[in-house]
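**Student:** Note that the sequence shown covers residues 170 to 980 in our numbering.
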Amino acid sequence: MGGPMRCAISVISLAVLTSVIPAQGTWELLHPTRATSQAGATLTVQKDGAIIVGGKNPATDTFVVDAPTALTDVTGFRIEVLPHDGLSAKGPGRASNGNFVLNELVLSAASKLSPGRQKRVPIGSIDATFSQVGYGAAAMIDGNVKTGWAVSPRFGQAQVVQLAPVRIVKHRAGTVVRFKMTFAYGSQHTIGHFRVYVTGAPGPHAAPGSGPGVWAKTQRRINLAIDRGVEWMLARQHLDGSFRDFAAGGYPSGGTALAIYTLIKSGVDREHGAVQRGVRFLKTRPPVRTYSTACQVLAFSALDRTEHREWLERLVRQLVETQRGDGGWGYPHGAVDLSNTQYAALALHMAAKRGVKIPRRVWKKLAERVLDHLVEAGTGAYSPAGFAYRPKGKASGSMTAAGVGTLAICDQHMKPRKNQVTVVIKRGIVWLGRYFSTSSNIQGSPRWLLYYLYGLERAGGLTNVDLFGPHDWYKKGAKWLVDNQAKGGSWKTAQGEYDVNTCFALLFLAKATGSVTGGQASGARLFGYEDATKDVSLRINGDRPLAMFIPRFGDKALAKFGWPGDEKKGLRVLKVEYLAAPAKDMKGAEVIETVGWDAKEPSGRNPFAARHTFAHPGARWIRVRVTVALHALDAEEAGKTQQLLSDPVRVTTWDVVGEYLAYGDAASHNLLITRSTSAATASSEYGGIWRAVRAFDGLQSVGWLTKDNDAEPWIRIDLDRPVRFDTLVLSHTRSASKRKSRIRKVKVTINRRNVLGVIDMVMDDRRKTVWPLPKPKNVRSIRLDVLETQVQGLKGVGFAEVELQLRAGKR
170 MGGPMRCAIS VISLAVLTSV IPAQGTWELL HPTRATSQAG ATLTVQKDGA IIVGGKNPAT
230 DTFVVDAPTA LTDVTGFRIE VLPHDGLSAK GPGRASNGNF VLNELVLSAA SKLSPGRQKR
290 VPIGSIDATF SQVGYGAAAM IDGNVKTGWA VSPRFGQAQV VQLAPVRIVK HRAGTVVRFK
350 MTFAYGSQHT IGHFRVYVTG APGPHAAPGS GPGVWAKTQR RINLAIDRGV EWMLARQHLD
410 GSFRDFAAGG YPSGGTALAI YTLIKSGVDR EHGAVQRGVR FLKTRPPVRT YSTACQVLAF
470 SALDRTEHRE WLERLVRQLV ETQRGDGGWG YPHGAVDLSN TQYAALALHM AAKRGVKIPR
530 RVWKKLAERV LDHLVEAGTG AYSPAGFAYR PKGKASGSMT AAGVGTLAIC DQHMKPRKNQ
590 VTVVIKRGIV WLGRYFSTSS NIQGSPRWLL YYLYGLERAG GLTNVDLFGP HDWYKKGAKW
650 LVDNQAKGGS WKTAQGEYDV NTCFALLFLA KATGSVTGGQ ASGARLFGYE DATKDVSLRI
710 NGDRPLAMFI PRFGDKALAK FGWPGDEKKG LRVLKVEYLA APAKDMKGAE VIETVGWDAK
770 EPSGRNPFAA RHTFAHPGAR WIRVRVTVAL HALDAEEAGK TQQLLSDPVR VTTWDVVGEY
830 LAYGDAASHN LLITRSTSAA TASSEYGGIW RAVRAFDGLQ SVGWLTKDND AEPWIRIDLD
890 RPVRFDTLVL SHTRSASKRK SRIRKVKVTI NRRNVLGVID MVMDDRRKTV WPLPKPKNVR
950 SIRLDVLETQ VQGLKGVGFA EVELQLRAGK R
């Protein structure tokens with residue numbers, strides 16, 4: 170933060186907490202002289218200063234705790250909630266599950282000489298060892314009794330919350346501190362066991378478990394989290410290069426553009442097949458709405474290729490033209506809001522960095538509009554100020570991050586810079602520091618928690634600020650993200666929306682906007698391991714191609730099969746074979762690469778490296794088989810060999826080209842879309858985005874899906890006029906991970922009675938079934954009857970896309 174802001178508000182820095190802090194050193198345990206409950210519970214102060222809450226257990230309550238201290242200068246306050254055997258799930262709350270919700274905390278203080286003259290203590294920052302998702306610690310000081318701090322699912326554990334005042338609390342004769350705690354959630358969500366503390370030590374107060382060594386471990390976890398997230402994204406991509414989130418809700422290209430931007434920023438090569446396929450998809454779907462247009466600008470700016478420059482400039486012109494007279498953006502229709510405006514601003518900023526010219530008036534009008542969203546929270550020149558979704562609305566974490574980041578963009582592009590903009594940016598940073606949270610979007614919807622975290626990254630990166638208040642936003646945000654990543658590599662909120670939330674998380678971790686420290690992710694892909702106890706180890710890296718090599722032979726294998734005199738020189742290798750199979754049991758394994766060697770010499774440190782490119786994407790298992798020559802003691806043993814096998818290593822490959830690149834713009838060749846207005850009926854429909862009409866909407870991410878009890882599935886598509894085709898292309902519906910049933914055989918009938926034949930489907934979700942006709946046919950209707958299915962769990966089946974193409978002659 171800049172000097173003027175520090176001098177103006179004198180924020181007392183507290184440590185970034187990562188574990189429960191022992192009550193020792195600089196913290197003074199208080200022994201309350203008063204502890205009351207407004208609703209009739211009994212608060213009993215123990216000899217050790219702890220307060221146990223018993224007796225009546227009301228639905229809601231307010232506790233008031235007064236405690237004296239000899240400190241004349243108080244620089245920090247602390248509440249420690251504690252487990253107890255007498256509480257459900259050992260607490261620390263009195264709710265049936267052991268939780269609590271502290272909705273509001275008001276701190277006040279008075280001199281020991283006049284303890285009744287309590288004066289409220291303004292809070293400058295707050296931090297906690299743990300917060301429940303959607304219930305961050307900052308919520309207890311936001312003035313909103315409907316929000317609060319909670320700790321699910323960490324029941325039966327001690328947690329700490331620390332608060333720093335805006336200014337040091339001074340009383341020459343000592344201080345009486347009052348903690349007023351409001352529990353308004355209901356259902357008996359009050360605290361059952363706690364202690365209170367103060368400190369007079371200057372900040373920051375170092376927290377055990379947050380030193381350089383711990384952060385080094387977290388950095389390794391971050392790298393792994395990015396790799397896992399990228400793998401999940403690559404596996405999530407659909408045949409046409411698209412991603413599902415919001416695709417069927419008016420944003421057919423928006424989520425995909427965000428995903429391609431994320432993959433590039435996470436270290437995936439711009440020439441990777443997944444990126445190129447996504448680019449083809451985007452260029453067949455010109456965006457209309459602001460979010461989609463902005464995300465495409467981000468993607469093509471990150472791609473930075475000459476062949477796409479015209480497309481990028483066209484998108485930028487569209488954004489500039491849809492800017493309203495007041496400087497903001499809507500959807501583009503409807504009222505202007507700060508969210509659409511933020512996306513447009515970031516997109517124009519990234520395009521400008523690629524040399525696309527943006528009119529100066531755009532930045533001036535934009536800054537003026539964003540200032541209209543300011544929500545005053547104080548009277549001082551540098552008092553905290555948040556931002557709202559629309560003018561005169563309520564400030565929230567996500568919108569304040571958006572406001573700060575957007576004004577920082579304007580500040581970079583406006584000449585001369587406006588002092589008012591600079592001041593408001595600093596005020597927004599103070600707000601983000603005061604209400605900082607990684608587990609909740611303060612005063613905003615929990616649905617946009619990950620969007621808020623990415624907003625913090627943009628605000629921090631664009632302002633070159635590492636700290637919001639006392640909080641290292643990247644370290645704390647990164648730790649929360651790696652702790653909350655799903656096993657498969659994704660992130661989500663209560664609404665799901667896995668694709669976009671995983672994008673937001675990866676963009677945060679990769680510091681996509683570019684801040685004062687760190688850099689872009691490596692995107693490294695490593696498989697296998699090195700183990701001295703195994704006969705031979707296997708390591709694999711890359712994608713297209715895969716690089717396979719032997720890092721070492723096992724100690725026992727070297728001792729048993731090494732020749733006399735070859736100690737520490739390796740084995741007498743005859744042949745190294747790399748095998749691949751669809752399953753870990755390696756049944757049906759095929760040799761994909763072979764490396765020969767002259768066994769007259771020991772292998773030494775030769776890694777026997779080989780490269781291989783798979784034609785199709787997906788997961789497979791690879792192992793290495795090494796044939797070594799045994800030392801012969803006599804003529805009868807000459808020529809004997811031994812085979813050494815590594816453990817199978819699971820490998821995923823996504824960087825494939827060939828037929829897959831064509832999937833990206835396949836919709837532009839589907840005659841059901843380009844040459845006709847079509848209607849569809851089916852034996853049944855699962856509903857929602859899985860209706861029959863979705864089988865020819867140009868999106869692989871949605872499609873037709875039957876109900877699970879449909880015994881004879883079929884779909885018929887009727888065209889308003891005949892079209893001529895010579896190729897039928899079908900692809901499986903991929904609806905959810907638990908829905909694995911697929912169509913095996915399908916009968917094709919055109920024009921109500923002309924049966925063309927039966928198709929055997931390619932049983933691979935990542936490939937299309939292509940069925941060429943002997944000669945072109947005119948079609949007014951086509952019916953597909955499912956004759957056989959491969960049932961795994963739920964029985965619903967369907968087609969993501971039905972494509973009629975004319976590949977020979979005129980289209």
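Positions of the beta carbon are idealized from the N, C-alpha and C atoms, including for glycine.
It should be emphasised that the depicted structure is a prediction, and the values quoted were computed from it without experimental measurement.
1. Can you tell me whether DSSP reads Asn923 as helix, strand or coil?
2. Taking DSSP as the reference, what is the three-state secondary structure of Met717?
3. Tell me whether Gly967 is buried or exposed, calling it buried when 16 or more other Cβ atoms sit within 10 Å of its Cβ.
4. Going by other Cβ atoms of all chains shown within 10 Å of its Cβ, with 16 needed for buried, is Tyr698 buried or exposed?
5. Leaving out five residues before and five after Thr575 in sequence, what residues of the same chain have Cβ atoms less than 6 Å from its Cβ?
6. Closest by CA to Gly833, which one among Lys452, Ala342, Leu199, Gln664?
7. In chain order, what residues of the same chain lie with their CB nearer than 6 Å to the CB of Val915, ignoring the 5 residues before and after it?
8. What are the boundary residues of the beta strand (DSSP E) that His901 is part of?
9. Would you decide whether Asn588 is buried or exposed? Buried here means 16 or more other CB atoms lie within 10 Å of its CB.
10. On a Cα-Cα basis, can you pick out the residue from Tyr354, Asp506, Ala319, Arg903 that is closest to Leu963?
11. Using CA coordinates, which residue listed in Lys259, Pro941, Leu619, Phe232 is at the minimum distance from Asn272?
12. Are there 16 or more other CB atoms within 10 angstroms of the CB of Gly293, so buried, or fewer, so exposed?
13. Near Thr686, what residues of its chain come up, given a Cβ to Cβ distance below 6 Å and the 5 sequence neighbours on each side ignored?
14. Which residues does DSSP list as the beta-bridge partners of Trp859?
15. Give, in chain order, every unbroken run of the beta strand (DSSP E) that is at least 3 residues long and sits entirely within the segment 260-285.
16. Could you round the C-beta distance between Arg458 and Tyr500 to whole angstroms and report it? I think they count as a contact, below 8 Å.
17. Could you say which of Ala416, His477, Ala394, Leu925 lies nearest to Leu868 if we only look at CA atoms?
18. Under a Cβ-count criterion, where at least 16 other Cβ atoms within 10 Å of its own Cβ denotes burial, should Pro164 be classed as buried or exposed?
19. Does the Cβ of Asp311 have 16 or more other Cβ atoms within 10 Å, making it buried, or fewer, making it exposed?
20. Measuring straight from C-alpha to C-alpha, what distance separates Arg135 and Ala554?
21. Any chance the segment 783-796 sits against the segment 746-763, with 3 or more Cβ pairs inside 8 Å?
22. Only counting the same chain, and skipping five residues up and downstream in sequence, which positions put a Cβ closer than 7 Å to that of Gly872?
23. By a C-beta neighbour count over all protein chains shown, 10 Å radius and 16 as the cutoff for buried, is Asn670 buried or exposed?
24. Which one or two residues does DSSP pair with Ser950 in a beta bridge?
25. With respect to the beta strand (DSSP E) encompassing Trp196, which residues constitute its N-terminal and C-terminal limits?
26. Leaving out the 5 sequence neighbours to the left and right, which residues in its chain are closer than 6 Å to Ala278 when beta-carbon positions are compared?
27. Is the segment 244-260 close to the segment 318-335, with three or more CB pairs under 8 Å?
28. With DSSP as the reference, identify every bridge partner of Val365, one or two as the case may be.
29. Using 8 Å for Cβ pairs, my map puts Ser772 next to Gly305. What's the rounded Cβ distance?
30. Is His781 helix, strand or coil when you go by DSSP?
31. Return the first residue and the last residue of the beta strand (DSSP E) that Ser206 is part of.
32. Pairing CB atoms from the segment 728-739 with CB atoms from the segment 758-765, are three or more of them under 8 Å?
33. Have a look at the DSSP bridge pairing and note the partners of Arg169.
34. Going along the chain, which residues of its own chain have a beta-carbon closer than 7 Å to the beta-carbon of Val797, five neighbours each way excluded?
35. Give the single residue among Leu427, His640, Glu476, Glu479 whose Cα lies nearest to the Cα of Thr462.
36. For the alpha helix (DSSP H) containing Thr632, list its first residue and its last residue.
**Tutor:** For this structure:
1. Judged by DSSP in its simplified three-state form, Asn923 adopts strand.
2. Looking at Met717 - three-state DSSP - the assignment turns out to be strand.
3. By the neighbour-count rule (16 or more Cβ atoms within 10 Å), Gly967 is buried.
4. Classification of Tyr698: exposed, given that the 10 Å Cβ count is below 16.
5. These residues qualify, in order along the chain: Gln511, Ala514, Val539.
6. The shortest C-alpha separation from Gly833 is found at Lys452.
7. Around Val915: Ile928, Leu953, Val955.
8. Where His901 is concerned, the enclosing beta strand (DSSP E) stretches over 883-901.
9. It is exposed - the Cβ of Asn588 has fewer than 16 other Cβ atoms within 10 Å.
10. Comparing alpha carbon positions, the residue from Tyr354, Asp506, Ala319, Arg903 closest to Leu963 is Arg903.
11. Check the Cα spacing between Asn272 and each of Lys259, Pro941, Leu619, Phe232: the tightest is with Phe232.
12. Around the C-beta of Gly293, 16 or more other C-beta atoms lie within 10 Å, and the residue is accordingly described as buried.
13. In this predicted model, Thr686 has a pLDDT of only 33, less than 50, meaning its place in the structure is not dependable enough to derive any value.
14. Note: Trp859 is bridge-paired with Gly856 in the DSSP secondary-structure output.
15. Counting whole runs of 3 or more residues, the segment 260-285 contains the beta strand (DSSP E) stretches 273-280.
16. Between Tyr500 and Arg458 the Cβ distance is about 6 Å, and since that is below 8 Å, they are a contact.
17. Ranking the options by Cα distance to Leu868, first place goes to Ala416.
18. Because the chain in this structure spans residues 170 to 980, residue 164 falls outside the shown range and cannot be described.
19. The residue in question, Asp311, is buried, as its Cβ has 16 or more Cβ neighbours within 10 Å.
20. Because residue 135 is not part of the residues shown, which for the chain are 170 to 980, the question remains open.
21. Flag = yes, the segment 783-796 and the segment 746-763 touch.
22. Counting only Cβ-Cβ distances below 7 Å, and skipping sequence neighbours, we find Trp859, Arg863, Ala864, Thr902, Gly967, Phe968, Ala969, Glu970.
23. Answer is buried; the Cβ neighbour count reaches 16.
24. Paired residue(s): Asp887.
25. For Trp196, the enclosing beta strand (DSSP E) covers residues 196-198.
26. Here the set comprises Val290, Val338, Thr344, Val346.
27. Verdict: yes, contact present.
28. For Val365, which the question treats as bridged, DSSP gives the partners Ile248.
29. Distance from Ser772 to Gly305 at the Cβ level is roughly 57 Å; contact not present, criterion being Cβ atoms closer than 8 Å.
30. Strand at His781.
31. Under the DSSP assignment, Ser206 falls in the beta strand (DSSP E) whose first and last residues are 203-206.
32. Here the segment 728-739 does not lie against the segment 758-765, with fewer than 3 beta-carbon pairs under 8 Å apart.
33. The structure shown has nothing for residue 169, since the chain only spans 170 to 980.
34. So the list reads Phe730, Leu740, Arg741, Val742, Leu743, Thr810, Gln811, Leu813, once near-sequence residues are dropped.
35. Looking at the Cα atoms, Leu427 is the closest of the given residues.
36. Residues 618-632.
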